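Undergrad: Using our numbering, read the sequence shown as starting at 1 and increasing by one per residue.
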Amino acid sequence: MSISVRDVHWSAGGAMIVDGINIEVAPGRTLGLLGPNGSGKSSLLRLICRLRNVKSGVVSLGNTDIAAMSRLDIARRVAFVEQQATTDAQVTVLDVVRLGRTPHRGPLSPWSSADDAAVHAALCHVGMPGRAGQLWHTLSGGERQRVHIARALAQTPSELLLDEPTNHLDIQHQLEILGLVARLPVTSIVALHDLNLAAMFCDSLAVLHRGKVVAAGAPEDILTERLMADVFGVRAHIERSAYHGRCHVQYRID
Ligand SMILES: Nc1ncnc2c1ncn2[C@@H]1O[C@H](COP(=O)(O)OP(=O)(O)O)[C@@H](O)[C@H]1O
Ligand SMILES: [Mg+2]
């Protein structure tokens, strides 16, 4: 497995936030992480890149327990786009994306053509190759989100963690970003709220509820009317899309 989470617990403020989670993602696959607000998605992603330390259990990248890895080794492997990533307003798009190269460069090593190539490829991936010189504070919310994703791609990770990456994006860019993530030869975990986009683009889904995985597997196996009611508190009809063959959730308000 590329990412393996085994019986992981994490608590904060006296509450068990991540409560015995098991997740496995094979190399190159995309896992959609679903669940209502407060179900523990962001906390789990932080544990996977060791921005937080597990209370118990093991997170492994490849065959290595991340508790035994240095911060630098983790940063060379895993890129994380946080839900509310912030950036200093005075920098340019290029400055932000270049930050993705930091783990790969020694303190004295000059900027290389490989660094340039990674930054340029990342900007092209998010559809912003001509925007390198633009100042951060002049970007729209969606453009900022795409630049953060470019920064993560410039890191040339083998594992990519994205926390609600489609927030602020119009539908065209939501489809583009998720299509890009699904096609990349990178192992990805993507926290999403849109169940239909998750079913369209993810190889498998894991649904969190109160810090536990309550369903995991192929989208068509786990997105059920019962799950919609029990976990998300809504009534829905699930059908298979004639267009892409994946399941499609139709919400009911009657
Ligand atoms: N550092 C913290 N201290 C106390 N409670 C926290 C902390 N981090 C997260 N929580 C709580 O954990 C729960 C899960 O949060 P989070 O992982 O952000 O959920 P999600 O991303 O699914 O919305 C929430 O109730 C949140 O308030
Ligand atoms: Mg969150």
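All C-beta atoms in this analysis are idealised placements derived from N, C-alpha and C, irrespective of residue type, glycine included. Since this is a predicted model, take the numbers as computed values, not measurements.
Given a cut-off of 9 Å, decide if S42 and W10 are closer than it, judged by their beta-carbon atoms.
TA: No, they are not a contact pair.
Undergrad: Quick one: which unbroken alpha helix (DSSP H) runs of 4-plus residues sit fully inside the region 138-214? Chain order, please.
TA: Taking only runs of at least 4 residues, the alpha helix (DSSP H) segments lying wholly in the region 138-214 are 141-154, 171-183 and 195-201.
Undergrad: Rounded to whole angstroms, what's the CA-CA distance from H104 to H209? Just pull it up for me.
TA: Cα to Cα, the separation comes out at about 37 Å.
Undergrad: Do the region 106-115 and the region 126-145 make contact, defined as three or more Cβ pairs closer than 8 Å?
TA: Judged by Cβ distances under 8 Å, the region 106-115 makes no contact with the region 126-145, as fewer than three pairs qualify.
Undergrad: Could you name each continuous beta strand (DSSP E) segment of 3 residues or more that falls completely within the region 38-74, going from the start of the chain to the end?
TA: Runs of the beta strand (DSSP E) inside the region 38-74: 56-61.
Undergrad: Mind the definition here: the region 58-72 touches the region 210-228 only if three or more C-beta pairs lie below 8 Å; say whether that holds.
TA: Verdict: no, contact absent.
Undergrad: Opposite Q250 in the DSSP bridges: which residues?
TA: DSSP lists H237 as partners of Q250.
Undergrad: Out of R144, R77 and S56, which one is the CA nearest neighbour of V96?
TA: When only C-alpha atoms are compared, the closest one is R144.
Undergrad: Pick helix, strand or coil for D88, following the three-state DSSP scheme.
TA: Coil.
Undergrad: Buried or exposed: A191, going by 16 or more other Cβ atoms within 10 Å of its Cβ?
TA: Under this definition A191 is a buried residue.
Undergrad: Among H168, C49, T87 and G57, whose alpha-carbon lies nearest the alpha-carbon of M69?
TA: Ranking the options by Cα distance to M69, first place goes to C49.
Undergrad: Does DSSP classify S113 as helix, strand or coil?
TA: Looking at S113 - three-state DSSP - the assignment turns out to be helix.
Undergrad: Using beta-carbon positions only, say whether G40 and I21 come within less than 9 Å of one another.
TA: Yes, Cβ-Cβ distance for G40 and I21 is below 9 Å.
Undergrad: Is it true that the CB of A198 sits closer than 9 Å to the CB of P219?
TA: The answer is yes: Cβ separation under 9 Å.
Undergrad: The alpha helix (DSSP H) with E225 in it runs from where to where?
TA: Looking at the DSSP string, the run of the alpha helix (DSSP H) that includes E225 is E225 to F232.
Undergrad: Taking the alpha carbon of S241 as the reference point, which residue from V234, Q250, G233 and E176 has its own alpha carbon closest?
TA: Residue Q250 is the option with its Cα nearest to S241.
Undergrad: Shorter than 8 Å, the distance from the beta carbon of Q83 to the closest heavy atom of ligand 1, or not?
TA: Checking every heavy atom of ligand 1 against the Cβ of Q83, one is found closer than 8 Å.
Undergrad: Kindly list the residues whose CB is nearer than 7 Å to the CB of H193, restricted to its own chain and excluding five residues on each side of it in sequence; keep chain order.
TA: Same-chain partners within the cutoff: E164.
Undergrad: Would the beta-carbon of G13 be found less than 8 Å away from any heavy atom of ligand 1?
TA: Under cutoff, so the answer is yes.
Undergrad: Do V81 and I149 have their C-beta atoms closer together than 9 Å?
TA: Going by C-beta atoms, V81 is nearer than 9 Å to I149.
Undergrad: What first and last residue would you give for the beta strand (DSSP E) that runs through L135?
TA: Counting along the chain, L135 falls outside any beta strand (DSSP E), and DSSP gives it neither H nor E.
Undergrad: Among Y243, F232, I238 and D254, which one has its Cα closest to the Cα of P36?
TA: When each option's Cα is compared against that of P36, the closest is F232.
Undergrad: Suppose contacts are defined by Cβ-Cβ distances below 9 Å. Is P162 in contact with A152 by that definition?
TA: The sequence given here places Leu at residue 162; Pro does not occur at that position. Yes, these two residues count as a Cβ contact at 9 Å.
Undergrad: Return yes when at least one heavy atom of ligand 2 lies under 8 Å from the C-beta of A206, else no.
TA: Flag unset: Cβ of A206 not near ligand 2.
Undergrad: Helix or strand or just coil, what does DSSP make of L34?
TA: Here L34 sits in strand by DSSP.
Undergrad: Measure the Cβ-Cβ separation of L99 and A154 and say whether it is below 9 Å.
TA: Yes.
Undergrad: If you draw a straight line from the alpha carbon of A89 to that of D19, how long is it in whole angstroms?
TA: In a straight line, the C-alpha of A89 is about 37 Å away from that of D19.
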